[in-house]
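Asks: Can you keep this structure in mind? I'll have questions shortly.
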Amino acid sequence: MTNIYTEFNFTLPRGLLDAEGNLHRQGVMRLATAKDEIIVHKNRAAQENTIYAAIVMLSQVITRLGDLTEVTPSLLENLFSKDLAYLREFYNRINQQGDAEIPVHCPQCQTKFQVELALAGES
18 MTNIYTEFNF TLPRGLLDAE GNLHRQGVMR LATAKDEIIV HKNRAAQENT IYAAIVMLSQ
78 VITRLGDLTE VTPSLLENLF SKDLAYLREF YNRINQQGDA EIPVHCPQCQ TKFQVELALA
138 GES
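When you read off a place in the sequence shown, starting at 1, and then add 17, the result is the number in my numbering.
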């Protein structure tokens, strides 16, 4: 029996500030499906802007962000650019490349290394 992981934990570099000023950094992203692709292609704003298409797709596959369980494109419009870039890279890694490792560096010593992403549901 093969185990397939469909959900992956992530931590945003900066975090999303909601309307009440709460910071949300921890989240869960699931693998994308064909249905997600169809929803993005049917979205008029996504058809006109490739960056917005990424936001629509992320809103489909992010199942939790901090205390938020409903992640909408309008909510993700408030992401800091660094966090949007992080989520796009994370999405590509788990969906296209099939691995759950990301390059990181220590802000204190500047050492670069690979870190395996934590899979949702694992200890």
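By construction, the Cβ of each residue, glycine as well, lies at the ideal position given by its N, Cα and C atoms. Keep in mind the model is a prediction, meaning the values are calculated, not measured.
Based on the DSSP secondary-structure assignment, which residues constitute the bridge partners of I79?
Replies: For the purposes of this step, residue 79 is identified with residue 62 of the sequence shown, where counting begins at 1. In DSSP, I79 forms a bridge with M46.
Asks: Tell me whether E37 sits in a helix, a strand or coil according to DSSP, three-state version.
Replies: Working through the sequence shown from its first residue, we reach residue 37 at position 20. Reduced to three states, the DSSP call for E37 is coil.
Asks: Note the first and the last residue of the continuous alpha helix (DSSP H) segment covering F97.
Replies: Mapped onto the sequence shown, residue 97 falls at position 80. Counting along the chain, F97 falls outside any alpha helix (DSSP H), and DSSP gives it neither H nor E.
Asks: For P30, tell me which candidate among L82, T67, E54 and A70 has the shortest Cα-Cα distance.
Replies: One-based indexing of the sequence shown puts residue 30 at position 13. Cα-wise, what sits closest to P30 is L82.
Asks: How about F27 and F107: are their beta carbons less than 8 Å apart?
Replies: On the sequence shown, position 10 is the one that residue 27 refers to. On the sequence shown, position 90 is the one that residue 107 refers to. Taking 8 Å as the Cβ cut-off, F27 and F107 qualify as a contacting pair.
Asks: Suppose the cutoff is 7 Å on Cβ atoms and the five residues either side in sequence are ignored; what does the same chain contact list for V88 look like?
Replies: The residue you call residue 88 lines up with position 71 of the sequence shown. Closer than 7 Å at Cβ, skipping near neighbours: S76, I79 and L82.
Asks: State yes or no: is the C-beta of T23 within less than 8 Å of the C-beta of R61?
Replies: Translated into the one-based positions of the sequence shown, residue 23 becomes position 6. Translated into the one-based positions of the sequence shown, residue 61 becomes position 44. Cβ atoms of T23 and R61: not closer than 8 Å.
Asks: Taking the Cβ atom as the reference point for each residue, do D100 and L33 lie within a distance shorter than 8 Å?
Replies: As a position in the sequence shown, residue 100 is number 83, starting the count at 1. As a position in the sequence shown, residue 33 is number 16, starting the count at 1. Yes, the Cβ-Cβ distance between D100 and L33 is below 8 Å.
Asks: For P90, which option in V57, Y103, H122 and N112 has the closest C-alpha, if you only look at C-alpha atoms?
Replies: Stepping through the sequence shown from its first residue, residue 90 is reached at position 73. Minimum Cα distance to P90 is reached at V57.
Asks: With burial defined as no fewer than 16 other Cβ atoms inside 10 Å of the residue's Cβ, what is the status of I111: buried or exposed?
Replies: Taking the sequence shown and counting its residues from 1, the one referred to as residue 111 is at position 94. Buried.
Asks: Between the alpha carbons of R105 and A71, how many angstroms are there, rounded?
Replies: Translated into positions along the sequence shown, residue 105 becomes position 88. Translated into positions along the sequence shown, residue 71 becomes position 54. When rounded, the distance between both Cα atoms is 7 Å.
Asks: Is it right to say A63 is buried, meaning 16 or more other beta carbons lie within 10 angstroms of its own, or is it exposed?
Replies: Taking the sequence shown and counting its residues from 1, one reaches residue 63 at position 46. Buried: at least 16 other Cβ atoms inside 10 Å.
Asks: Can you give me the C-alpha to C-alpha distance between V121 and Q127, rounded to a whole angstrom?
Replies: Counting from one through the sequence shown, the residue named residue 121 turns up at place 104. Counting from one through the sequence shown, the residue named residue 127 turns up at place 110. Cα to Cα, V121 sits roughly 9 Å from Q127.
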